[in-house]
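2 protein chains.
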Amino acid sequence: MSIAIIAPNKEVNNWISVFKTIDNQVDVEVYPNITKPEKVDVAVVWLHPHGSLMDFPNLKLICSMGSGVDHIIADPELPKGIPITRIVDPRLTYSMTNYVIMGILNYHRQIFRYIKYKEEKIWDMSDPEIDITVGVMGVGQLGGDVLDKLSALGIPAIGYGNSPKSNFKHSYYYGSQLNDFLSKVNVLVCLLPLTEKTEGRLNMELFEKCTPGTYLINVARGKHLVEEDLIKGLDKEYLSGAMLDVYRQEPLPKEHPFWDHPKIMMTPHIACITMYQAAAPQIMENYHNLKNKLPFKNQVNSSQGY
Amino acid sequence: MSIAIIAPNKEVNNWISVFKTIDNQVDVEVYPNITKPEKVDVAVVWLHPHGSLMDFPNLKLICSMGSGVDHIIADPELPKGIPITRIVDPRLTYSMTNYVIMGILNYHRQIFRYIKYKEEKIWDMSDPEIDITVGVMGVGQLGGDVLDKLSALGIPAIGYGNSPKSNFKHSYYYGSQLNDFLSKVNVLVCLLPLTEKTEGRLNMELFEKCTPGTYLINVARGKHLVEEDLIKGLDKEYLSGAMLDVYRQEPLPKEHPFWDHPKIMMTPHIACITMYQAAAPQIMENYHNLKNKLPFKNQVNSSQGY
Numbered sequence: 458m459s460i461a462i463i464a465p466n467k468e469v470n471n472w473i474s475v476f477k478t479i480d481n482q483v484d485v486e487v488y489p490n491i492t493k494p495e496k497v498d499v500a501v502v503w504l505h506p507h508g509s510l511m512d513f514p515n516l517k518l519i520c521s522m523g524s525g526v527d528h529i530i531a532d533p534e535l536p537k538g539i540p541i542t543r544i545v546d547p548r549l550t551y552s553m554t555n556y557v558i559m560g561i562l563n564y565h566r567q568i569f570r571y572i573k574y575k576e577e578k579i580w581d582m583s584d585p586e587i588d589i590t591v592g593v594m595g596v597g598q599l600g601g602d603v604l605d606k607l608s609a610l611g612i613p614a615i616g617y618g619n620s621p622k623s624n625f626k627h628s629y630y631y632g633s634q635l636n637d638f639l640s641k642v643n644v645l646v647c648l649l650p651l652t653e654k655t656e657g658r659l660n661m662e663l664f665e666k667c668t669p670g671t672y673l674i675n676v677a678r679g680k681h682l683v684e685e686d687l688i689k690g691l692d693k694e695y696l697s698g699a700m701l702d703v704y705r706q707e708p709l710p711k712e713h714p715f716w717d718h719p720k721i722m723m724t725p726h727i728a729c730i731t732m733y734q735a736a737a738p739q740i741m742e743n744y745h746n747l748k749n750k751l752p753f754k755n756q757v758n759s760s761q762g763y
Numbered sequence: 458m459s460i461a462i463i464a465p466n467k468e469v470n471n472w473i474s475v476f477k478t479i480d481n482q483v484d485v486e487v488y489p490n491i492t493k494p495e496k497v498d499v500a501v502v503w504l505h506p507h508g509s510l511m512d513f514p515n516l517k518l519i520c521s522m523g524s525g526v527d528h529i530i531a532d533p534e535l536p537k538g539i540p541i542t543r544i545v546d547p548r549l550t551y552s553m554t555n556y557v558i559m560g561i562l563n564y565h566r567q568i569f570r571y572i573k574y575k576e577e578k579i580w581d582m583s584d585p586e587i588d589i590t591v592g593v594m595g596v597g598q599l600g601g602d603v604l605d606k607l608s609a610l611g612i613p614a615i616g617y618g619n620s621p622k623s624n625f626k627h628s629y630y631y632g633s634q635l636n637d638f639l640s641k642v643n644v645l646v647c648l649l650p651l652t653e654k655t656e657g658r659l660n661m662e663l664f665e666k667c668t669p670g671t672y673l674i675n676v677a678r679g680k681h682l683v684e685e686d687l688i689k690g691l692d693k694e695y696l697s698g699a700m701l702d703v704y705r706q707e708p709l710p711k712e713h714p715f716w717d718h719p720k721i722m723m724t725p726h727i728a729c730i731t732m733y734q735a736a737a738p739q740i741m742e743n744y745h746n747l748k749n750k751l752p753f754k755n756q757v758n759s760s761q762g763y
């Protein structure tokens, strides 16, 4: 019984040392130097090379090292029927929500306007606020937390998701109610999971339906956004601005038009970063659950892709 | 029985129209064109010329047009023993808290760092957060709301005030516990009332006691801050930055060093602006309470200056 870590370009020594602290008997190997593939029953992965999971004939569990599993499900050679777990980290939720609320308040209280005023030494007290209603697309762990906290701040906010929900705490729209949802909000936050259905969801067709001047915040995945449509949507003033943390290609190439766009604020995929201190113990817990034939924590429903 | 509005440089027609909508019998005159000073029993004031309230021999109530009354109490020729009321506007609290939380989150999530990265096309994912504990000086209506909402966001926050408080919901320090309070926080928000005791409170002596690198947010009054000490405190790195909404002189003169200071973010006294729609009815309510010998709403304790 061993763990294989398959996370090229990721610093994994910190993870291994947490694994060993929790269980000094644990056998860990790191891709591509895996000497005994037949012993591997748990694969711990982040952006693994597609097909690489086929090397393990006795694989019983695939653990994402982050909150998303889209990078796993996207593998056309993913071994079938193996449970997949993800990280649920309260600290990760804290970071994500704080980032999103920062983005919302910076639009509401017009920070970029006042930064310009400071540069130009302008004193102008007129119209200090933009009234906002926030729409959150994707109401899972992260989107739900954003709605809870906006509600605590007294900021009007509603949610939108794929399927109906019973007993949801907040105003909620789903499926074909998208037009209705978009007409009620002027700040749109994307926290959708990335699936075949949601890829490219933030596109011109959607922007045309938005309340004119809607402010977009995308903190989910780069692939949710059709990037050239964002530029067009801003030009046509369907949108008044955007704050982005994720991109189709990361790091974002220097020649990408977002860098110089005056209406786009950007951060380098830092809205939330999984901390190994919180995440590694969750993986060890599932490793022990496998050993002891207990149910896994934070197993994803792979038919829905999240 | 009449109302005198004494608010030079303020647009008051909107206020008068709300007064008349509520009571079309009400008699309102606007300073300096007050023809029957002996009839005035209610003065509605904002930055009134000192001494001007002595013109009304039958004055029975002074209403501030905003949440502060320091501009009234600062008048050395203030008629003695006349009740003073202020505006308490939930919308005003909403605005102030949103502004303060924006300032806190922009420090926590380093918006100014990422703005620079965007300008310079830098992709750097390292250290995306600064861990924060927020200290709020002044825990009245506004400071209390900031503490409540930080707590809802899960952001550690503690309060500091002049006197002991029983049954306060949050960790609270007072009086001589200032050093202890300052040692526990790295974001300091000033929401103190302006009194003789608190004027100039944000000075070098206090900055020296702060956790090194503390971030300062002043949204109370310009006179709370010794402005030259802020520059020194930033130079000596007692403070890492500041967000200011209020200044000793407003509008801030073009030659003021704050404009060009890279560590100071500034807004032109817009954190909260009293909206006449919410404020004018509160003044009319107290006008009617005077008529009907009922207690006043939001009367200040003038011995404490707030």
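Protein chains in written order, with the working numbering: chain H, 458 to 763; chain A, 458 to 763. Every residue, glycine too, gets a C-beta built ideally from N, C-alpha and C.
- In this structure, DSSP gives A/GLN634 a helical state, which the three-state scheme calls helix.
- Cβ neighbours of H/ASN636 within its own chain (closer than 7 angstroms, five residues either side excluded): LYS666.
- By alpha-carbon distance to A/LEU639, the top candidate from A/ILE615, A/THR550, A/TYR744 and A/MET582 is A/ILE615.
- In this structure A/HIS565 is in contact with H/ASN555, their Cβ atoms being roughly 6 angstroms apart against a cut-off of 8 angstroms.
- Within 7 angstroms of the CB of H/ASP581, the CB atoms of chain A belong to PRO725, in sequence order along the chain.
- For H/ASN675, there is no enclosing alpha helix (DSSP H); the residue is found in the beta strand (DSSP E) stretching over 671-675.
- Residues of chain H whose Cβ lies closer than 8 angstroms to the Cβ of A/ALA736 do not exist, since the nearest Cβ in that chain is about 16 angstroms away.
- At a beta-carbon threshold of 7 angstroms, the residues of chain H lying near A/LYS606 are ALA609 and LEU610, ordered along the chain.
- CA-CA distance, H/ASP512 to H/ASP532, rounds to 14 angstroms.
- Legend: CB atoms of the region 534-556 of chain H lying less than 8 angstroms from CB atoms of chain A belong to residues TYR551, SER552, THR554, ASN555 and TYR556.
- Nearest CB-CB separation between H/MET522 and chain A: not below the 8 angstroms threshold.
- Taking the Cβ atoms as the reference, A/VAL469 lies roughly 6 angstroms from A/VAL487, within the contact range of under 8 angstroms.
- With respect to A/LEU663, A/LEU518 sits apart: the two C-beta atoms are not nearer than 8 angstroms.
- Not flagged as an interface residue toward chain A: H/LYS573, since no C-beta distance is shorter than 8 angstroms.
- At a cut-off of 8 angstroms between C-beta atoms, A/ARG678 does not count as an interface residue with respect to chain H.
- The region 568-644 of chain A contains, as complete beta strand (DSSP E) runs of 3+ residues, the segments 591-594, 614-618 and 629-631 (chain order).
- At least 8 angstroms separates the beta-carbon of H/SER633 from that of H/THR671.
- The Cβ atoms of H/GLU586 and A/SER552 sit closer than 8 angstroms to each other.
- A/VAL646 places its beta carbon 8 angstroms or farther from that of A/THR668.
- Chain A has a Cβ within less than 8 angstroms of the Cβ of H/ILE558.
- DSSP, reduced to helix, strand and coil, places H/MET732 outside both helices and strands of the structure shown, so it counts as coil.
- Around the beta-carbon of A/MET582, fewer than 16 other beta-carbon atoms lie within 10 Å, marking it exposed.
- The beta carbon of H/THR731 sits closer than 8 angstroms to those of MET522, GLY523, SER524, ILE544, ASP546 and LEU549, all from its chain and outside the five residues before and after it, given in chain order.
- A residue is called buried once 16 or more other Cβ atoms fall within 10 Å of its Cβ, and A/SER459 is buried on that count.
- C-alpha of H/ILE558 to C-alpha of H/LEU709: approximately 24 angstroms in a straight line.
- Excluding residues up to 5 positions away in sequence, LEU659, ASN660, MET661 and PHE664 lie with their Cβ nearer than 8 angstroms to the Cβ of H/ASP686 in the same chain.
- Its chain contains ASP512 and PHE513 as the residues whose beta carbon lies nearer than 6 angstroms to that of H/PRO494, once the 5 sequence neighbours on both sides are disregarded; these appear in chain order.
- Here DSSP, grouped into helix, strand and coil, assigns H/LEU648 to coil.
- Here DSSP, grouped into helix, strand and coil, assigns H/LEU535 to coil.
- The region 493-520 of chain H contains, as complete beta strand (DSSP E) runs of 3+ residues, the segments 497-502 (chain order).
- Shortest Cα-Cα distance from A/ILE561 to any of A/VAL475, A/ASN515 and A/GLY592 involves A/GLY592.
- Burial check for A/LEU751: the Cβ neighbour count within 10 Å stays below 16, so the residue is exposed.
- Contact of A/LYS711 with chain H by beta-carbon distance below 7 angstroms involves LYS578.
- Judged by DSSP in its simplified three-state form, H/SER524 adopts coil rather than helix or strand.
- At a C-beta separation below 7 angstroms, H/LEU562 has these neighbours in chain A: ASN555, ILE558, MET559 and LEU562.
- Approximately 43 angstroms separates the beta-carbon atoms of H/LYS578 and A/LYS537; this is outside 8 angstroms, ruling out the contact.
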